[in-house]
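Scroll down for the structure; my scribbles are underneath it.
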Amino acid sequence: HLDFPTSVVSQFLGPKYGITGIRAYTQTYDKPLLGGIIKPKVVNNVEMLLDITKELVDGGVQFIKEDEIMSNPYACPLEKRIPAVMKYLDGKKVVYSFCVNGDAPYVINRVKRVHELGGNGVHLNFWSGLGMYRVIREMDLPLFLHFQKSGDKVLTEKSHKYHIEWDVICDLAGLMGADTIHAGMWGGYMDESEEDVRRTIDTLHKRNTLPALSCGFHPGLVDAVSNKFGVDYMANAGGAIHGHPGGTKAGTRAMRQAIDKTYGD
1 HLDFPTSVVS QFLGPKYGIT GIRAYTQTYD KPLLGGIIKP KVVNNVEMLL
51 DITKELVDGG VQFIKEDEIM SNPYACPLEK RIPAVMKYLD GKKVVYSFCV
101 NGDAPYVINR VKRVHELGGN GVHLNFWSGL GMYRVIREMD LPLFLHFQKS
151 GDKVLTEKSH KYHIEWDVIC DLAGLMGADT IHAGMWGGYM DESEEDVRRT
201 IDTLHKRNTL PALSCGFHPG LVDAVSNKFG VDYMANAGGA IHGHPGGTKA
251 GTRAMRQAID KTYGD
C-alpha cells in the first residue's frame with residue numbers, strides 16, 4: 001500500500017470514464033457489467049471475428065475484450081477488423097477493446113488508428129509498459145482504456161523477495177488512467193484470497209477504475225461474487241461463454257441471466 005501526496009496525484013489525469021462513465025455509456029446500474037473475451041486468442045480472419053462478436057452481443061455483453069496476444073496479426077489486422085467490428089456495433093452501447101500491444105511507437109500509432117477508424121476502446125497488456133497507460137490517457141481520445149494483467153506475477157508474486165504488491169500496481173493504473181482493469185479472480189481457476197481481492201477492488205474503486213474479474217468466471221459464481229464484494233465490477237468470461245454446449249450466444253445468455261437474475265428464461 002502506498003499513500004500518494006496531493007502534489008503527486010495532481011500530476012495524473014485518472015480515468016477518462018471509469019466506473020461512472022462505463023455505467024452511463026451502457027446504461028447499466030445496480031448490477032455487475034458483463035464482459036466477453038474473444039476466443040480463440042488469435043482469430044483466423046475478420047469474418048470469424050465478426051461472427052464471434054455478433055454472438056457475444058446478441059447474448060447480452062456490454063464489453064468485449066480481444067485477447068492479449070491478438071495485437072495486429074497478418075490474418076486479422078487492425079486496419080480491417082476495426083471498421084468491420086465498429087460498423088456492426090454502430091448504435092449498440094457496447095465497448096470493444098481492440099488489442100494494441102507492442103513496443104511504444106507501435107502502440108501509439110495503433111491507438112491513433114483505433115480512434116481514426118471509429119473504435120471506442122483499446123486493450124493494453126502491462127508488458128507494453130506501465131507508462132504507456134499514462135501516455136494513452138494523455139492523448140485524451142474518446143477511448144475506453146483496459147489494463148490487462150496477464151504476466152504480472154513476474155512483479156507481484158508474493159514469494160519473490162522484492163515483489164511489488166498487486167494493489168500498488170492497481171493504484172498506479174488508476175492514477176494513470178485505466179478505465180477498466182483485469183483485477184484478478186475469486187473462485188475461478190485463478191482463485192485469490194478474499195482479503196487480496198477485496199483490497200484490490202477497494203483500491204480501484206477509490207480511483208473510479210472498474211475491476212474486471214476474470215479467469216474462470218462462470219454463471220454459477222455471479223451471486224457468490226456479488227454477495228461477497230458488491231456489484232461494482234465486471235464479470236469477464238471467455239471459456240465459460242464459448243465452451244457452453246449451446247455455443248457462444250447461449251453461453252453469453254447464461255451469464256446474462258445470472259447477472260439479471262432471470263434464471264432459466
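Numbering (the working numbering), first residue to last: 1 to 265. Glycine is no exception: its CB is placed at the ideal position from the N, C-alpha and C atoms.
Going straight from the alpha carbon of residue i to that of residue j, what length do you get?
| i | j | result |
| --- | --- | --- |
| Asp202 | Gly131 | 23 angstroms |
| Leu56 | Thr6 | 42 angstroms |
| Asn109 | Val95 | 20 angstroms |
| Arg113 | Leu141 | 11 angstroms |
| Gly264 | Met255 | 11 angstroms |
| Leu89 | Thr28 | 17 angstroms |
| Gly239 | Glu66 | 13 angstroms |
| Lys249 | Leu155 | 37 angstroms |
| Ile169 | Lys153 | 11 angstroms |
| Gly121 | Val42 | 18 angstroms |
| Asn236 | Val135 | 26 angstroms |
Please classify residue i as buried or exposed, where buried requires at least 16 neighbouring CB atoms within 10 angstroms.
| i | result |
| --- | --- |
| Val111 | buried |
| Glu157 | exposed |
| Thr200 | buried |
| Gln11 | exposed |
| Glu68 | buried |
| Leu221 | buried |
| Asn267 | Outside the shown range of the chain (1 to 265) lies residue 267, about which nothing can therefore be said. |
| Val100 | buried |
| Ala178 | buried |
| Thr252 | buried |
| Pro105 | exposed |
| Thr180 | buried |
| Ala258 | buried |
| Val8 | exposed |
| Asn45 | exposed |
| Phe63 | buried |
| Asp167 | buried |
Looking only at DSSP bridge pairs, what is residue i linked to?
| i | result |
| --- | --- |
| Val311 | With the chain represented from 1 up to 265, any question about residue 311 goes unanswered, as that position is not in the structure. |
| Leu145 | Val122 |
| His182 | Ala212 |
| Met234 | Leu33, Ala212 |
Would you give the residue range spanned by the alpha helix (DSSP H) that residue i belongs to?
| i | result |
| --- | --- |
| Phe229 | 222 to 229 |
| Val135 | 131 to 139 |
| Ser7 | 6 to 9 |
| Asn72 | No alpha helix (DSSP H) contains Asn72, which DSSP labels as neither H nor E. |
| Gly239 | 239 to 242 |
Return yes when the C-beta of residue i is under 7 angstroms from any heavy atom of the ligand NAD, and no when it is not.
| i | result |
| --- | --- |
| Ala183 | The ligand NAD is not part of this structure, which contains no ligands at all. |
Cβ contact check for the stretch 43 to 55 and the stretch 226 to 238: 3 or more pairs under 8 angstroms: Note that the stretch 43 to 55 does not touch the stretch 226 to 238; fewer than 3 beta-carbon pairs, one per stretch, sit closer than 8 angstroms.
Touching by the beta-carbon criterion (3+ pairs, under 8 angstroms), the stretch 208 to 222 and the stretch 17 to 31: Touching, yes.
The stretch 185 to 198 / the stretch 138 to 152 touching (three or more Cβ pairs under 8 angstroms): When C-beta atoms of the stretch 185 to 198 are compared with those of the stretch 138 to 152, fewer than three pairs fall below 8 angstroms, so the two segments do not count as touching.
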